[in-house]
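K.L.:
So the protein lines, in turn, are chains A and B. Each residue of the first sequence is one higher than the one before, starting from 119 at the first, in the working numbering. Each residue of the second sequence is one higher than the one before, starting from -7 at the first, in the working numbering. The beta-carbon is built from N, C-alpha and C at its ideal position, and this holds for glycine as well. Note that the structure is predicted; figures quoted are calculated from it, not measured.
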Amino acid sequence: MDIQEAVGEAKQLDEKYDLFITINESAEGNFPIAVKDNICTKGLRTTAGSKILHNYVPVFDATVVEKLKRSGAAVLGKTCMDEFGFGTFSVNCAYKVPKNPVDPSRSCGGSSGGSAGYVAASKYARFAIGQSTGGSITCPAAFCGVVGITPTYGLVSRYGLIDYANSLDKIGVLAKTVSDAAKGLSIISGHDSRDSTSSNVPAKDYAKLQEAKLRIGVPKEYFEGVDPKIAERVWRSIKSLESGGMKYEEVSLPHTKYAIPSYYIIALSEASTNLAKYCGMRYGLSSDPSGKSFNEYFSQVRSQGFGQEAKRRVVLGTYARMAGYRDQYYLKALKVRALIIEDFKRAFGEVDVLAAPSMPVIAPKFSEIEKLTPLQHYMSDVLTVAPNLAGIPHLSVPCGKVEGMPVGVQLLADHFKEEKAFAAGFGVENG
Amino acid sequence: MVEPKIGLEVHVQLNTSTKLFCPCPLAGLAAAEPNSLTCPTCLGHPGSKPVLNRMAVEKGIRIALALGCALQESMYFSRKTYFYPDMSKNFQITQYEIPLGKDGGLEITDAQGRKKTIRITRIHIEEDPAKLVHAGGHLESATHVLADYNRSGVPLCEIVTAPDFQTPKETRVFLQKLRSILDYIGVFDVGAAIKADANVSIDGGSRVEIKNVTGFVEVEKALADEIMRQKWLADDGKPVERETRAWVAEKRTTLPLRKKESEEDYGYIFEPDLTRINLAVALVNKAAKGMPELPHQKFERYRREYGINSELAASIVTDLDVALLFEQLVRSQPKLAASWINILKKTLYFNGLELRQTKLSVDTFSKLLELVGKGRVTSRGGELMLRELVLDASRFDELAAKYSKSEIDIGKLAEEVLKDNKKAVADYKTGSRKALQFLVGELVKKSGGRVDARSASKELEKELG
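Structural data, given as structure tokens:
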């Protein structure tokens, strides 16, 4: 493959859909790869979608980028995203707002919107690198009609990932097919001593794994408030798995309703500390400090550099961990997280894979998103935050269309059982 | 008046070979070019991650064991968030809810000679921030500030005591003893400074915290100054406010930093980049195995095995190097070792030296004791040799020759002494013992210590007939 052709295509797609923050004209390698802009690429500008890092050029490659380059990948660009991953629709962007290639008046989903849009539109790319904290792979995969794998927390090294919420962040893959997603994950997974949360569980070659007879669980809580046309598509996939010889049963994940508050408290508490380092002193956006105390200077740079949503999340996260609130918010949320993990562990005692809608709605129009309140924004993560809190692998696979827009089914498996999610995914794909 | 209540938070730098969360070396840090010993992690770059230095954990466990602390089953780190230019991430990775060790103690002797235990509330491990250099003077007069991140991420162990001290002097005794233990267990370079924050209240009044005091002498001074300030306030009928003050060593006084009401809220969360660390039995055992005999254990053993008096035993065990020297000497010179270690300590003290600063080896010191033991050099001569050896140990052979008894014609010296002291000779002949003592003294002096009093007396009596 001529990489320059892929670069040319990326530029064209970018003009059409605003998918890239930075395009790497001098990309070299055997196959093209696009990487979400919160993953460090040595010598290639990495902004995490924020003005505060508008000029930041990393001095090292993230482990996943190292692995990709070693496998022959040409990093041809850094994709658009919500600032630091703070969003569900890729509209909280300091640069460009990516447009859904299926219908450019609609959102790609977030926060890995640029990566999903690129995979959906490109002739050359088999997969791209995304990252999820609370649903940022599943959501854009479902909205753009591509496959998205969010692996078990710890399976893929976070070294070089610009932190949103470290206990939740996972690097994963957006791909054309389940098989491409499995190949991509095989390349980037594996232990890394530079990330202390990286697991010692030996990496598998997911690409070699095929269909298997699985017990499917259908969590009833995941169909509440879901667009009935979407629910119908998802049920059709489940039935197709059944006709392929798999059995399904209804299960319950009773703590699901607490997932949103627990997720936002933990994620924003961590995020508010992660963003503290951006203060105009060592790198990134800076300003003239003369005549100012360090506090005044830091505040000035942060006021200029952070977007509205980043500021909102810093304020909320700081509040949740302050003395007097810490017990009832931050520490309580940690306890709820443990209950949510127990829910899943109990379910996986009975079934191999859980099947549910990826998102409760199809990709919304930008005009609709404008009308949403911040709380409605947060509520749209209702189906994705629990698997992310639990750190379990989940795969979103396209399962038809509603009103011409793609719909996704998500397949959840127990920790380090990615192969089961992939096996169910093959079933959906071929069903 | 109720005795003051004083508590300490002691910070010691652990002598690991690399920083707490990155592979940057600690060797040569003090002399290194600013910001030359840094990496993305200790500079807080986006995408960097901390990786815990296991050696620091092991050394922390040793401190916990030496101070009798209960170890927790698991180890966690937390983020303490506040904005300050010396913070590479604007949060410090430290331990909060669950420290490494809790509820220990260290025994000291108070001014009345009574033993008392200072309770250790907790010990934990944390990273040091960068060093700020106020260009053009101190905090107030500086035109700008330079940040040196070489120090960023250096491992520290914080040791927190209960408010069990009643006098500033007790804190010094405690810190000296603590320093000696840390040296014994090999976790701290005695060359490095011990830093402490101290809190003090009098008459059950408000607690005042004094920040950033370096060295145990300064801690004692700062506390004495602060207690005086609080007493003056009390004498004037003014309340002592709860506040944090800074010790300004050059001015020998504390200055207000902030009032209690404006004290910062650090919004602690668990450090999500570091997983729970299981303090498995194996890790604790490994650390325990590396634990040497501690000062108080050596003290008891010296008293028991060598019958040394407690004052001398206490003096020997304070300094690990001296204790190790003593243990080697006592094998070959059981009779002389203790008294000569005592002489050595006095000689070192007189010169303001520590044993490690001299080049005096066990070998050299053994040879010296051998000369004395075999009577080739007098005790006095040996002492004079030692005075010069602590300054330059390479002169041993030359000094041994100079002070050797065989190098001297004692009869000739005695003759000269008698010739120069006719009055004393006359007195002696009238039966004065004092006159003989005087002449003996003169002879010892004239010999430069090479003749001891007994041989001098014998020789003089022979000469005088």
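Considering A/Gly518, what are the terminal residues of the beta strand (DSSP E) in which it resides?
P.N.:
His512 to Val520
K.L.:
Which term fits B/Gln222, buried or exposed, when burial requires 16 or more other beta carbons within 10 angstroms of its beta carbon?
P.N.:
With 16 or more Cβ atoms within 10 Å of its Cβ, B/Gln222 is classed as buried.
K.L.:
Mind checking which residues open and close the alpha helix (DSSP H) that includes A/Val319?
P.N.:
Where A/Val319 is concerned, there is no enclosing alpha helix (DSSP H), given that its DSSP letter is neither H nor E.
K.L.:
According to a CB-to-CB cut-off of less than 8 angstroms, which residues of the region 308 to 326 of chain A neighbour chain B?
P.N.:
Ser311, Arg312, Asp313, Ser314 and Thr315
K.L.:
Who are A/Ile157's beta bridge partners in DSSP?
P.N.:
A/Leu279
K.L.:
What residues in the region 163 to 193 of chain A bring their beta carbon closer than 9 angstroms to a beta carbon of chain B?
P.N.:
Thr164, Ala166, Leu171, Tyr174, Pro176, Val177, Phe178 and Ala180
K.L.:
Between the region 213 to 221 of chain A and the region 245 to 264 of chain A, are three or more C-beta pairs nearer than 8 angstroms?
P.N.:
yes
K.L.:
If the cut is a Cβ gap below 8 angstroms, which residues of chain A does B/Pro42 touch?
P.N.:
Ser314
K.L.:
Check each candidate in A/Ile458, A/Lys187, A/Tyr135 and A/Ser275 and name the one with the smallest Cα separation from A/Gly232.
P.N.:
A/Tyr135
K.L.:
What residues in the region 43 to 77 of chain B bring their beta carbon closer than 8 angstroms to a beta carbon of chain A?
P.N.:
Val43, Leu44, Arg71, Thr73, Phe75, Tyr76 and Pro77
K.L.:
Which chain A residues are close to B/Ile261, counting only those with a beta carbon under 7 angstroms from its beta carbon?
P.N.:
Under the 7 angstroms cutoff, chain A gives Ser387, Glu388, Thr391, Arg439 and Tyr448.
K.L.:
Does DSSP put B/Ile300 in a helix, a strand or coil?
P.N.:
coil
K.L.:
Return helix, strand or coil for B/Leu124, following the three-state DSSP convention.
P.N.:
strand
K.L.:
Any C-beta of chain A sitting closer than 9 angstroms to the C-beta of B/Ala458?
P.N.:
One cannot answer for residue 458 of chain B here, as it falls past the ends of chain B, which runs -7 to 457.
K.L.:
Might you give, ordered along the chain, the residues of its own chain that have their beta carbon closer than 7 angstroms to the beta carbon of A/Ile459, omitting 5 neighbours on each side?
P.N.:
Ala508
K.L.:
Keeping to the same chain, check which residues put their C-beta closer than 8 angstroms to that of B/Arg387; ignore five residues upstream and five downstream.
P.N.:
Glu380 and Leu381
K.L.:
Flag B/Ala238 as yes if its beta-carbon sits less than 9 angstroms from any beta-carbon of chain A, otherwise no.
P.N.:
It does not; no Cβ of chain A falls within 9 angstroms.
K.L.:
Taking DSSP's pairing of strands, which residues face B/Lys338 in a bridge?
P.N.:
Answer by DSSP bridge pairing: none, since B/Lys338 is not bridged.
K.L.:
Since B/Lys107 sits in a beta bridge, which residues does DSSP pair it with?
P.N.:
In the DSSP output, where bridge partners are listed per residue, B/Lys107 has B/Thr101.
K.L.:
My output table needs one value for B/Pro248: the three-state DSSP class, helix, strand or coil.
P.N.:
Here B/Pro248 sits in strand by DSSP.
K.L.:
If you compare alpha carbons, which of B/Pro77, B/Cys61 and B/Asn27 is closest to B/Leu92?
P.N.:
B/Cys61
K.L.:
Excluding five sequence neighbours on each side, which residues of the same chain lie with their C-beta closer than 6 angstroms to the C-beta of B/Val240?
P.N.:
Leu247
K.L.:
Output the distance between the C-alpha atoms of A/Phe207 and A/Tyr496, rounded to the nearest integer angstrom.
P.N.:
About 11 angstroms.
K.L.:
Looking at A/Pro475: is its Cβ nearer than 9 angstroms to the Cβ of A/Leu513?
P.N.:
no
K.L.:
Determine the chain B residues that contact A/Asn284 at a beta-carbon separation under 7 angstroms, and present them in chain order.
P.N.:
In chain order: Pro264 and Asp265.
K.L.:
Name the DSSP beta bridge partners of B/Gly93, please?
P.N.:
B/Leu63 and B/Ile115
K.L.:
Under three-state DSSP, which class holds A/Thr502?
P.N.:
coil
K.L.:
Using the beta-carbon of each residue, which ones in chain B are nearer than 7 angstroms to A/Thr436?
P.N.:
Gly259
K.L.:
Roughly how far, in whole angstroms, is the beta-carbon of A/Ser240 from the beta-carbon of A/Gly290, given that I think they are within contact range, below 8 angstroms?
P.N.:
Not quite, the Cβ-Cβ distance comes to about 18 angstroms (not below 8 angstroms), so this is no contact.
K.L.:
Starting from the beta carbon of B/Phe83, find every residue of chain A whose beta carbon is closer than 7 angstroms, and list them in chain order.
P.N.:
Thr391 and Ala394
K.L.:
At a CB-CB cut-off below 8 angstroms, which residues of chain B make contact with A/Ile280?
P.N.:
Pro38 and Gly39
K.L.:
Heavy atom of the ligand NAD less than 8 angstroms from the Cβ of A/Lys429, yes or no?
P.N.:
Ligands are entirely absent from the displayed structure, and the ligand NAD is therefore not among its contents.
K.L.:
I'd like to know whether the C-beta of A/Arg276 is nearer than 9 angstroms to at least one C-beta of chain B.
P.N.:
yes
K.L.:
In terms of DSSP beta bridges, what is A/Ser307 paired with?
P.N.:
Answer is A/Val274, bridged to A/Ser307.
K.L.:
Going by Cα to Cα distance, which pick from A/Ile121, A/Lys538, A/Gln122 and A/Glu123 is closest to A/Lys331?
P.N.:
Looking at the Cα atoms, A/Lys538 is the closest of the given residues.
K.L.:
Using C-beta distances below 8 angstroms, list every residue in its chain close to A/Val175, excluding the 5 sequence neighbours before and after it, in chain order.
P.N.:
Gly161, Leu162, Arg163 and Thr164
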